[in-house]
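Protein chains in written order, with the numbering used here: chain P, 58 to 340; chain W, 14 to 332.
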């Protein structure tokens with residue numbers, strides 16, 4: 058289910074550390090190797106001005122341009138923290154992995170959720186952080202997503218999820234798998250209430266997250282070139298012993314096969330959401 | 014079929030062979046006490062082996078080629094089975110079977126993964142690894158059951174959903190996600206029984222039920238121990254460590270509150286005694302169906318939703 062955590066060599070935004078330039082002033086696009094002012098990339102919403110490549114960004118960065126005032130008005134499940142129900146140890150104990158991640162990223166868990174608005178349209182929203190254990194869904198992520206749908210039902214308000222995940226979190230074993238059923242069940246209750254759910258795929262949206270609530274949007278929007286699918290490409294390649302077609306499991310491939318409504322660049326996303334939300338009367 | 018045994022069963026098999034050889038001697042009467050003694054030892058050994066199984070040994074038993082599969086149970090139960098085919102969109106998936114079944118007097122909709130034994134059967138069943146069509150057929154039949162007010166029984170036994178190009182093109186993730194959503198809402202009783210391998214999303218795709226039962230030596234996991242060893246332990250040889258860490262046995266799952274009941278297997282495992290296993294399984298299924306049969310549709314759905322909403326462990330300190 059979860060097999061995308063250690064995907065090698067995905068292009069990411071890199072801040073140059075060369076001694077002769079001030080730290081953080083320059084950034085290089087790993088896709089086209091062009092070098093830009095960090096500020097220019099930020100103004101471009103962390104996409105490459107040259108090749109339009111979309112860098113992986115944090116949930117905070119995403120909120121900064123999507124939500125009014127760049128933040129939630131009310132957070133959901135802010136103090137939720139993971140436990141170690143399996144007492145899981147692989148190359149290191151799970152609690153240590155969590156602790157290190159928290160120190161490195163400054164966030165508690167792979168999901169942040171809350172109430173906010175987009176150009177005045179109220180929304181309930183969850184966002185994932187790929188930098189936190191591959192954006193993987195364990196008990197905390199599952200609970201936050203479930204609470205987002207519950208709040209949506211309470212407030213009769215549209216839900217938006219922004220996804221970036223390798224899948225279920227293996228360190229919480231079967232409990233992570235069950236989060237797929239949990240989030241999908243509550244998404245079903247939400248849908249039955251006649252409420253609208255918009256799901257956004259960013260690179261990557263895979264496995265346990267993709268095979269649960271992320272795929273259940275009434276409207277599904279993806280960033281260009283985002284990888285989205287059930288099984289990781291390496292697993293498929295090993296299974297069928299064939300080369301995978303170019304563009305396999307990318308957003309454009311999924312749209313061609315009928316699973317994505319709109320592919321939108323990050324720069325146009327807010328405007329697109331405002332337009333769509335204008336069709337959703339206050340429920 | 015030839016006798017297939019697991020590595021840890023070797024001493025037991027050697028003992029059984031010796032007993033068999035003695036019994037086949039023309040003067041076997043002379044060895045009566047010796048045979049009796051050996052049989053006692055064999056039984057003790059069996060008990061020792063089968064009451065102290067490691068998680069990885071259970072993985073091996075769950076995957077045993079002589080372990081009964083869905084159609085084997087139907088045969089042993091002498092159940093009527095009217096198989097229904099196809100997802101009405103693309104194909105019929107032979108990795109998941111489904112149809113009307115009568116077990117004793119109980120009429121229900123049966124859906125189950127189906128493994129194969131011979132090379133030909135295994136290829137035909139795609140090793141019980143379903144494509145999206147399998148999940149869509151399963152859901153179609155569940156909705157039919159709902160319309161007809163028939164309870165649903167799902168038998169889970171798969172290494173996982175099929176990882177292939179076509180599966181991705183036709184929306185493997187979407188098919189499973191839709192099942193998870195819709196199964197929560199269905200207004201007839203749903204009973205899940207894990208009879209062998211509960212392989213991740215491929216298992217869960219027909220695994221959302223009011224009651225979740227597991228055979229004693231079956232397994233259920235977010236990822237295979239092999240996959241976990243490669244990805245998290247970064248060492249493919251660490252399969253046993255990873256089987257331990259994943260807590261994938263029925264016993265661990267009961268403790269974690271993910272399943273409701275463990276169904277006993279005869280000493281020596283299901284593969285050594287199909288009849289007793291099938292009897293135990295049937296008894297538990299019918300008992301659970303009876304408990305659920307008086308509940309109204311909306312109550313059944315709510316119970317299922319609440320059951321899954323309560324899954325997960327986290328803390329939430331006030332700050």
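We put the beta carbon where it would ideally sit given N, CA and C, even for glycine. Owing to the predicted nature of the structure, the values given are computational and were not obtained by experimental measurement.
Query	Result
Return helix, strand or coil for residue 131/W, following the three-state DSSP convention.	coil
Can you tell me the Cα-Cα spacing of residue 76/W and residue 210/W, whole angstroms?	7 angstroms
Would you report the Cα separation of residue 290/W and residue 178/P, rounded to the nearest angstrom?	58 angstroms
Output needed for residue 294/W: all residues of its chain with C-beta closer than 6 angstroms, excluding positions within five of it in sequence on either side, in chain order.	276
Going residue by residue through the region 263-327 of chain P, where are the continuous beta strand (DSSP E) segments of at least 3 residues, counting only ones entirely within it?	276-279
Identify every residue that forms a DSSP beta bridge with residue 103/P.	BP columns for residue 103/P are empty, so no partner.
Does residue 234/P get closer than 7 angstroms to chain W when you measure Cβ to Cβ?	yes
May I ask whether a heavy atom of the ligand NAD can be found less than 6 angstroms away from the beta carbon of residue 241/W?	With respect to the ligand NAD, the structure shown offers nothing to examine, as it has no ligands at all.
Residue 328/W by DSSP, collapsed to three states: which one?	strand
Based on the DSSP output, what are the partners of residue 305/W in its beta bridges?	Answer is none; residue 305/W lacks a bridge partner.
For the putative contact between residue 207/W and residue 231/W, defined by C-beta atoms under 8 angstroms, what is the C-beta separation to the nearest angstrom?	5 angstroms
Give the residues of chain W in contact with residue 239/P, contact being defined as C-beta atoms less than 8 angstroms apart.	321, 322, 324 and 325
Quick one: does residue 335/P have its CB under 7 angstroms from some CB of chain W?	no
Going by beta-carbon coordinates alone, are residue 219/P and residue 336/P separated by less than 7 angstroms?	no
Just to confirm before moving on: does the CB-CB distance between residue 243/P and residue 203/P stay below 7 angstroms?	yes
Compare the C-alpha of residue 145/P against each of 264/P, 233/P, 173/P and 241/P and name the closest.	233/P
Report yes if the C-beta distance between residue 123/W and residue 193/W is below 7 angstroms; otherwise report no.	no
Would you mind stating whether residue 200/W and residue 159/W have Cβ atoms separated by less than 7 angstroms?	yes
Which residue wins for smallest C-alpha separation from residue 227/P, given the options 151/W, 47/W, 246/W and 34/W?	246/W
List the residues of chain W whose Cβ lies closer than 8 angstroms to the Cβ of residue 249/P, in chain order.	198
Would you check if the distance between the CB atom of residue 317/P and the CB atom of residue 277/P is smaller than 7 angstroms?	yes
Using a Cβ-Cβ cutoff of 7 angstroms, what residues of the region 265-284 of chain W are near chain P? List them in chain order.	266, 269 and 271
Taking 7 angstroms as the threshold (C-beta atoms), are residue 197/P and residue 229/P in contact?	no
Any C-beta of chain W sitting closer than 7 angstroms to the C-beta of residue 200/P?	yes
Can you give me the start and stop residues for the beta strand (DSSP E) that residue 226/W sits inside?	224-228
Judging by CA-CA distance, which residue of 170/P, 189/P and 187/P is the nearest neighbour of residue 180/P?	170/P
Mind checking residue 307/W: buried by the 16 CB within 10 Å criterion, or exposed?	exposed
At 7 angstroms on the CB atoms, spell out the chain W contacts of residue 147/P, in chain order.	245, 246 and 258
Please report the straight-line C-alpha distance between residue 250/P and residue 255/W, rounded to a whole angstrom.	42 angstroms
Suppose you measure from the CA of residue 210/P to the CA of residue 304/P; what does that come to, to the nearest Å?	38 angstroms
Closer than 7 angstroms by beta-carbon distance: list the chain W residues that pair up with residue 197/P, in chain order.	327
With a CB to CB cut of under 8 angstroms and the five nearest residues on each side skipped, what residues in its chain are close to residue 180/W?	144, 145 and 174
In whole angstroms, what separates the C-alpha of residue 364/P from that of residue 104/W?	The shown model of chain P, from 58 to 340, leaves out residue 364/P, and the question about it has no answer.
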